[in-house]
Structure formats: structure tokens, C-alpha cells
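> Can you read through this structure? Questions will come right after.
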Amino acid sequence: MRICILAFAFGVGLLQQQAELPELLWAWLLVPGAVGAILLWRYRVAILSITAKILLALTFLGAGFFWAAAFAQWRLADALPHEWEGRDIQLVGVVAELPQVNENGLRFAFDVEQVLTADAIVPRRVSLAWYKERRKYAEDSGSVPPHMNAGERWRITVRLKRPHGSINPHGFDFEEWALERNIRATGYVRKADDNLRLDEMVNEPAYRIEHLRQEIRERFIRALPDHAYAGVLIALAVGDQRAIPGGQWQVFTRTGVNHLMSISGLHVTMVSGLIFALVYGLWRRSHRLALWLPARKAAIIGGLAAACGYALLAGFAVPAQRTVYMLAAVALALWLGRFTSATAVLAWALLAVVVLDPWAVLSPGFWLSFGAMAFIMLVTAGRIGRMHGLTGWARVQWAITLSLIPLLLAMFQQISLVSPIANAIAVPLVSLVVVPLTLLATLPLLDFMLLPAHMVLSGCMEMLRWMSDVPQAVWSQHAPPAWAVAAGMAGIVWMLLPGGLGPGLRGGSGLATGFPARWLGAIALLPIFLVLPPKPASGELWLTVLDVGQGLAVVARTEGHALLFDTGPAFSPEADSGNRTIVPFLRGEGIKHLDAMIVTHADSDHSGGALSVLEAVPVEWLVSSLHADHPIQLAASNKRQCRAGQSWQWDGVRFDMLHPVEQSYSNPRLKTNALSCVLKITTIHGSVLLPADIEKQSEYQLLANDGNALSSTVLVAPHHGSKTSSTTEFVRQVNPRLVVFTVGYRNRFGHPREEVMERYRTLGTTLLRSDNDGAILLRFADNTLAVETSRALRRRYWQDTEYR
């Protein structure tokens, strides 16, 4: 049965890699396979039994594939029609989850019960933002959104759009994330006089749980005002990981203890075990209760109920799900008095997760959680001899640390080198002290428990911060290829297999009971580190126009150099294109430093990620048009102004700065767009022009100063295709074969303008746009231009690729 469950899970995972969903009618082909397997199973001939097992496994694989396909068809059918994007729609519904307050307002999930706007079609669940109303000339920043509680029923007017996110190499897929969480549209609440709270509480279990989570969160905030780690305690109690500031998450990530600062399987198991022991100890003291129900069975019910309750309170994430399902399997076996193996428990937990949530296989938490448990079982179950306390704990820690290396490098391109030491300190403190005190504090009148919990956590954090500040605390590298990850996992399995001589045979035949030459498994790990990503040859240029929404970020690579042209927008004080898109791309591609970073001008959609890049990646020199006192200028050690006439060569590729002229810096009336650095990159295979946000006057100036230098194979459209740029004369002079518009999905500026696109179409130019194509990968090599787009390379059935 374990093989069949693994086959089912593999089928679920296979479906999630498809570009298109299959027709469900093909699922009928599984019936003859199942019937054939059953008929062959009746025969005891060895070859027929093996054939039956293979046929049964293939049937389960197909069942998993079509089970996931049916789920996907059902969920995708609940969609917002394109014609209702960006239009006012009045809804009645319920605040479905914990509202999240931020500097711009609040965001919340909303279950739609009724659509009041005639003929409008709206998905069942949407994600909404209620922004602060900004007043340009008032002293205050604007009116504050109303206080919202989970479980309230509201009538509101909204504007929605279909889920759409950036698609970049080594980047986060928002559309996949939204599909798994059944968020089928996003939008914001419009200002309207009839936005009104209709009911204080909708009496349904799911909303009651969310309301309880919010009450606990607010109670913790009141009990710990101005306490640095209140967010961590909130996350440990109710699973609200967004309560933890980004700086603290960075410490947890660098020390490898981030799994402890959320509701992990370890915490759920510990709570379940404590309740099991408590119920067992109290129940057996009552003769009447013990006669009615054995104490062991009562304790099983209590422990499982505690695990379920804690997991629900925490939002029921994949690690908590896996733990609850495993505990349920163990509880069932104990209740029935039947022995079950550890691998069987893990297999049934795996089946429960992928049946109830087929998209869980796309989550890093799924692989890390089940992978860690599988390797723990490998080094603990079925071993010869007993594992003693300290030795066993060290063996488990070694197995977890080693086994997760390939997965962590594949998913995040970094691993913590101080993780074993950090976990040795943090695991007992957090799991045995902080978590119990925090959970006790969730009960009314026990808020005072938060103070000792915070005190212990503060001491733990001081040690973690010290380890995080170690220069070599984290190993970062390129993303290894899939085959290298598979080879590394196989090598680790070989390294962790039992070795040595069995105690019963050492004095007898002396035959080895373990596996020989386990050190050879380390060789299988080497490709993860030694197989490097491809890079341009001499004279070639690889250009990646990243998908950063309404903004610009371009990475140019030659054989031995890398340049970043603009850094995309900032989204919040802790999130920007630098840490969300650019740094993961650079790390995944194996780019460990930048020879130059050009920040063309001060507008936030071009400079918003610069500080994050400077913090994460060594930058040899910064080129910009920024003022000397700009924070980006202050953060850079080697900086210079961009000026027309500057040029340099890297590996046979020429870089020329065409704008602005030196006199422009002395003109205070010029807008920041007019100071945009304009760069042309020329190779023997073609050229590209990067004009940033220049407008008409700058284009005319370029035409007058050196119009012949503008002709290029590729043009990144000036100012995102605004009507203030791409004049007819400029377009004709550049005469690009390909033009790229870097724009956000349904951006409020209406970029790119239709009349601008028509000017390029008239020349026969190919048009690409980042909101539809994702990141655009250009290779100037072999006297030609090779073009690929991220949405085409990473096409999945949940992506929406129509032009808007």
C-alpha cells in the first residue's frame, strides 16, 4: 500500500506540472487497469503478482493525476470574468480570516455570499485591501479604514481583478499560491456611503475559529506593548507569521530555526503528548471512568483533540496537517490495538494531505516537512541496537541537517551553516518553555504567562543574533539542476543507511549487517555544488528583463561581468523588488557580485529595490543621476554620476551612456524623468537600448546629439509605453526588431498606450510585455537574437496569459 500511496502522490505532483488540464473523460481508462490488477492478483504465480503490483501502482498514479485535475477544474471554474475586472461591484459577504493591518490600511479574505450588482459574476472567495484615504492638503494622512473582525458580515463596493503575479526565474509564483488558498480574485474596497457592517458575527465554525484567533492576537498585543518579540509569540499561538518583522525572520533564516517560529509539527506533537499524559494520569485515578472507557483510549482522544485544536488555531498549515494526520493514524492503530510501522503512518499522512490539498506538493513546506520525517525514520526505525538519549538526538539532528541540504539549495539557494548549533539551543528553549507558556497565555486570565515566555525568548534571540552575525553563517550558491538534486538525495540516503556489524553476529560469522562504503554517498552530493549554471561566451550578451510589475529591472551579463540596470519598485518598508525578485534571481543564476548597478533616476518604480540589493550583493560601483544626499548614494561606497559620453568594454561587449548631458544636472526645473540614465549595449550579434523613463524632450535631445547611435536590435520602451514618450521620430530612428514594455498588470496609468504600441507595429516590430510574458530572456549570440519568456518556459494550467 505504501507504493500505491507514493504513486498517487506522484500522480498529483505530475498534474501540477502540466501546461493544460486534461479532459476528465480519460479517467475512465483507470477502470480496466484496476480490474486487471485485481484479476492478476488472484494468481499466485510470481511474475503475475509482480505485474499486478505494477499495474496497481500505475492505476493509483493515474488516480492521483485525475483527482488533482478534477480539483483544479472545479476551482478554476470559480473565476472572475475579464469583463468585470476594474468595475464597481457591490457585495455582501463575511470577513473570512485574520485581517492584516499594514501601513497602507488593511487586507483581508472575504467570502462572497451575495452579489448585489446586476449580472456581475464574482468568485466565492476574494482577497481585498481597504486602503487609507489620502488627503493631499490635510494635516493628517487620511481617514483610517474601519476596524474589522473575522466573522463579520459586510456590504461593500469593490473593484476586482483576476489573480496575477510576476513570473521570474527562481521567483515566487503568486498565482499558484492564490489558487491553493482558493483566492480567485484580488482587489480593493471603494469609497462608498453604503459600505456597512451588517452583522457582528456569522455563526459558523470556521468563522468562530478565525474570530478566536483574532481575539488572542489582540490580547497578546495589549499584554505586550512595545515588546520586541510579541510577533513571535503571536505566531507561535495562532500561526500569524506576518506578525514577525522582516528583520527577525532574517535572523531565523540565517540560523536555520525558522521552522521553530511557526506552528511546526514538533510543537503540535509536543502539545498532543502533554495532553495525552495529563488525561491518562487523571483518568486512571477514577475507577468509574476507567470502567466506562479505558484510560489509554481516553488519553488517545484527548491527545488527538489537542493536536487538532492547536492545528486549527494555527491556520492548519502543511506541517501541522502532516502531524495531525500522522497522530490520527497512530491513534487509530492504538485504539484498535494493532501495531503499525512508522513508514505506514507517514504514508497515510501523505495520502491525507494530497487528497485534501492537491496543491500542497508545490509548497516548500510539504517537501521539507515530509523529507525531514522520512530521514528521521531512516536513522531511527529498524536500526540494530538501541539509540541512547544524547547519541540518538545527535543522530537525528545530523540526519535532518544533511538530508535537507539538496532541498534547501534547490528551493532557496542557501543553507545555514550554524543551524545544528542554533537548533541545539533553540529547540529545547522554544519547544519546552516558550510554546507551553504561550499556549497557557491563550486562556483567559493567564496573560501574565507571556512575560516569562518573552523573557526566555529574548535570551534565545540574543544567542541567535550573535550566530546570525557570523560572516559565514549562511552558504549561498546557484540553483542546482534537478538531476543533481536527485543524485544528492540518493547519496544522502546511502550515507544514512545502517552500517557496521550486528551485535548478534560479531562473535560468530562476522558478517556485516550494514551497507558498505557509505562514504561514497558524499560523492553524489558533489554535483549540487560543482555543476555551475551556463554563462555567456566572449562577445555574447545575456539580458534578462525581470518582471517587477510597474517598474524596471534589467540584468545584463557578459562572460565575466554582470550589470543591474534599475531595481524595480518598493512595495512596503520591508518588501521590494530587490529582496523579492532581483536578489533571488542573482543567487539562483550564480551571480555573486555586480560589477555595476545603474539607478537611472529617483522615481521609486526604478530605485525601490536598490538598498536591498546593496545590502545583499557586493556592488563594485554605482552609477546614477541621484542627488548626493540620497539614501542610495549614501549606502554605496563607490559611486559616480551617469553622463553622456561615458563608455567601457567588458569581454568584447561595449557599453555607452547616451544621456543625460552634464548641463542637465545644473537645471533645477528638470523632472527626475529627464535625468534618466540612457544606456546602449552593443555586441557583434546585436544591440539593446535602455532609455528608462525619458520623455519627448529627452528623445528629441538624443536625436539631435547623436541620432545614429540610437539604432538598436532591441528597445526597452521608454517610460513603460507612456503617451509622453516613444515619439514617431524616436521610434523610427531606433527601428527595433523587438520592443519590451515593462508594465504592471492592469496598472492605473494605462501603460502601454495603444497609440504607442501602434507606432511600433507600423514598423513591423515584435511586441512583448512583462505583465503578459513575465521575465524576458534575451541572448545575443551566434549572430542572432534568441528570445524566451518566463511564462512560456514555465507554463502552468493556472496561468492567465491573455493580453489586457
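The opening position of the sequence shown corresponds to residue -8 in the working numbering, with each subsequent residue numbered one higher.
For every residue, glycine included, the Cβ atom is placed at its ideal position computed from N, Cα and C.
Every value quoted in this text rests on a predicted model; they were computed, and no experiment measured them.
1. Check N696 in the structure and name its three-state DSSP category.
2. Determine the burial state of Q463: buried for a count of at least 16 other Cβ atoms within 10 Å of its Cβ, exposed for fewer.
3. When we look at the beta-carbon of H278 and count the other beta-carbons within 10 Å, is it buried (16 or more) or exposed?
4. Who are the Cβ neighbours of C633 in its own chain at under 6 Å, not counting the five residues just before and after it?
5. Using only the alpha-carbon positions, how far apart do A(-2) and A365 sit?
6. With burial defined as no fewer than 16 other Cβ atoms inside 10 Å of the residue's Cβ, what is the status of A547: buried or exposed?
7. If I measure Cβ to Cβ from D438 and keep anything under 7 Å in the same chain, skipping five residues before and after, which residues do I get?
8. Got a sec? Which residues, its chain only, sit under 8 Å from L97 by beta carbon, not counting five neighbours each side?
9. Looking at the unbroken alpha helix (DSSP H) that takes in K526, where does it start and where does it end?
10. For T260, does the three-state DSSP call read helix, strand or coil?
11. Measuring alpha carbon to alpha carbon, tell me which of W168, H711, K123 and P114 ends up nearest R787.
12. Which residues mark the beginning and the end of the beta strand (DSSP E) in which I80 is found?
13. Quick check: does the Cβ of P397 come within less than 7 Å of any heavy atom belonging to the ligand ATP?
14. To the nearest angstrom, how far is it from the Cα of E195 to the Cα of V707?
15. Which residue from A417, R181, P489 and V344 puts its Cα closest to that of Q81?
16. Could you pull the start and end residues of the beta strand (DSSP E) that D647 belongs to?
17. Roughly how many whole angstroms lie between the Cα atoms of T244 and A335?
18. If you follow the alpha helix (DSSP H) that L769 is in, where does it begin and where does it stop?
19. Excluding the 5 residues preceding and the 5 following Q64 in the sequence, name in chain order all residues of the same chain whose CB lies nearer than 8 Å to its CB.
20. Roughly how many whole angstroms lie between the Cα atoms of L224 and G238?
21. If you follow the beta strand (DSSP E) that W168 is in, where does it begin and where does it stop?
22. Kindly confirm or deny that the region 619 to 626 and the region 642 to 658 touch, where touching means at least three C-beta pairs closer than 8 Å.
23. Can you tell me the Cα-Cα spacing of S781 and M317, whole angstroms?
24. Curious, which full-length beta strand (DSSP E) runs of at least 3 residues does the region 327 to 407 contain?
25. Which residue from M252, T757, A470 and E171 puts its Cα closest to that of L812?
26. Does the beta-carbon of A665 have 16 or more other beta-carbons within 10 angstroms, so that it is buried, or is it exposed?
27. In its own chain, which residues sit with a C-beta less than 8 Å from the C-beta of Q877, not counting the 5 before and 5 after it?
28. Thinking C-beta only, is V604 closer than 8 Å to V574?
29. Spatial neighbours of H592 within its chain, please: C-beta separation below 6 Å, excluding the five flanking residues on both sides.
30. On the DSSP letters alone, give me the boundaries of the beta strand (DSSP E) that I207 sits inside.
31. In its own chain, which residues sit with a C-beta less than 6 Å from the C-beta of S459, not counting the 5 before and 5 after it?
32. Rounded to the nearest angstrom, what separates R795 and R737 at their Cα positions?
33. Taking the beta carbon of W641 as the centre, do at least 16 other beta carbons fall within 10 Å, making it buried, or is it exposed?
34. Going straight from the alpha carbon of L534 to that of A766, what length do you get?
35. To which residues of the same chain is K127 closer than 6 Å at the C-beta, ignoring the five residues directly before and after it?
36. Within the continuous alpha helix (DSSP H) that includes E611, where are the two ends?
Inspection of the coordinates gives the following:
1. The count along the sequence shown starts at 1 and reaches residue 696 at position 705. Helix.
2. Along the sequence shown, read from residue 1 onward, the residue named residue 463 stands at position 472. It counts as exposed.
3. One-based indexing of the sequence shown puts residue 278 at position 287. By the neighbour-count rule (16 or more Cβ atoms within 10 Å), H278 is not buried but exposed.
4. Along the sequence shown, read from residue 1 onward, the residue named residue 633 stands at position 642. These residues qualify, in order along the chain: V614, S616, M648 and C668.
5. Taking the first residue of the sequence shown as 1, we reach residue -2 at position 7. Taking the first residue of the sequence shown as 1, we reach residue 365 at position 374. The straight-line gap from Cα to Cα measures roughly 16 Å.
6. Numbered from 1 along the sequence shown, position 556 holds the residue referred to as residue 547. Per the 10 Å Cβ criterion, buried.
7. For this step, residue 438 is matched to residue 447 along the sequence shown. Here the set comprises R210, A214 and A432.
8. On the sequence shown, residue 97 is found 106 positions in, with the first residue counted as 1. If we look at L97 and ignore the five residues flanking it on each side, its Cβ neighbours are P90, Q91, A120, W121, P136 and M139.
9. The residue you call residue 526 lines up with position 535 of the sequence shown. Secondary structure note for K526: it is in no alpha helix (DSSP H), with a DSSP letter that is neither H nor E.
10. Taking the first residue of the sequence shown as 1, we reach residue 260 at position 269. It is helical.
11. Taking the first residue of the sequence shown as 1, we reach residue 787 at position 796. Per the Cα distances, W168.
12. Residue numbering aside, residue 80 sits at position 89 when the sequence shown is read from its first letter. Residue range D79 to V86 is occupied by the beta strand (DSSP E) that includes I80.
13. Of the ligands one can find in the structure shown there are none, so the ligand ATP has no counterpart to examine.
14. Looking up residue 195 in the sequence shown gives position 204. Looking up residue 707 in the sequence shown gives position 716. A direct Cα-to-Cα measurement between E195 and V707 gives close to 52 Å.
15. As a first step, residue 81 is located in the sequence shown; it is residue number 90 there, counting from the start. Closest by alpha carbon: R181.
16. Working through the sequence shown from its first residue, we reach residue 647 at position 656. D647 -> beta strand (DSSP E) spans V644 to H650.
17. Start at 1 with the first residue of the sequence shown, and residue 244 comes out as number 253. Start at 1 with the first residue of the sequence shown, and residue 335 comes out as number 344. Just so you know, the alpha carbons of T244 and A335 end up roughly 32 Å apart.
18. Position 778 of the sequence shown, counted from the start, is the residue given in the question as residue 769. For L769, no alpha helix (DSSP H) segment is defined; the enclosing uninterrupted segment is the beta strand (DSSP E) at I767 to A772.
19. Locating residue 64 in the sequence shown gives position 73, counting from the first residue. Closer than 8 Å at Cβ, skipping near neighbours: L12 and L15.
20. Here residue 224 corresponds to residue number 233 of the sequence shown, with the count starting at 1. Here residue 238 corresponds to residue number 247 of the sequence shown, with the count starting at 1. Answer to the nearest angstrom: the Cα atoms are 16 Å apart.
21. To locate residue 168, count along the sequence shown from 1; it is residue 177. From DSSP, W168 is part of no beta strand (DSSP E) but of the alpha helix (DSSP H) over F165 to E171.
22. The region 619 to 626 vs the region 642 to 658: no contact.
23. Taking the sequence shown and counting its residues from 1, one reaches residue 781 at position 790. Taking the sequence shown and counting its residues from 1, one reaches residue 317 at position 326. S781 and M317: Cα-Cα distance of roughly 38 Å.
24. Within the region 327 to 407, the complete beta strand (DSSP E) runs of at least 3 residues fall at 405 to 407.
25. Given that the chain is displayed from residue -8 to residue 795, the structure contains no residue 812 and the question cannot be resolved.
26. Position 674 of the sequence shown holds residue 665. Counting Cβ neighbours within 10 Å, A665 comes out buried, since at least 16 surround it.
27. Given a span of -8 to 795 for the chain in the structure shown, any question on residue 877 remains unanswerable.
28. Here residue 574 refers to the residue found at position 583 of the sequence shown. Here residue 604 refers to the residue found at position 613 of the sequence shown. Less than 8 Å separates the beta-carbon of V574 from that of V604.
29. Here residue 592 corresponds to residue number 601 of the sequence shown, with the count starting at 1. Once the five neighbours on either side are set aside, the close Cβ partners of H592 are S616, T663, L666 and S667.
30. The sequence position of residue 207 within the sequence shown is 216, counting from 1. Note, I207: premise wrong, no beta strand (DSSP E); alpha helix (DSSP H) at P196 to A214.
31. Within the sequence shown, numbered from 1, the residue matching residue 459 stands at position 468. Excluding positions up to five away in sequence, the list reads V242, R245 and T246.
32. On the sequence shown, position 804 is the one that residue 795 refers to. On the sequence shown, position 746 is the one that residue 737 refers to. With a pLDDT of only 45 at R795, under the threshold of 50, the placement of this residue in the model should not be trusted, and no figure is reported.
33. As a first step, residue 641 must be located in the sequence shown, where it is residue number 650. For W641, the number of other beta carbons within 10 angstroms of its own is at least 16, and it is reported as buried.
34. The residue labelled residue 534 in the question sits at position 543 within the sequence shown. The residue labelled residue 766 in the question sits at position 775 within the sequence shown. For L534 and A766, the distance between alpha carbons rounds to 10 Å.
35. Along the sequence shown, one-based indexing puts residue 127 at 136. Because K127 carries a pLDDT of 47, less than 50, the predicted location of this residue cannot be relied on, and no value is offered for it.
36. Within the sequence shown, the letter at position 620 stands for residue 611. It is not in any alpha helix (DSSP H) - E611 instead sits in the beta strand (DSSP E) that spans V610 to S615.
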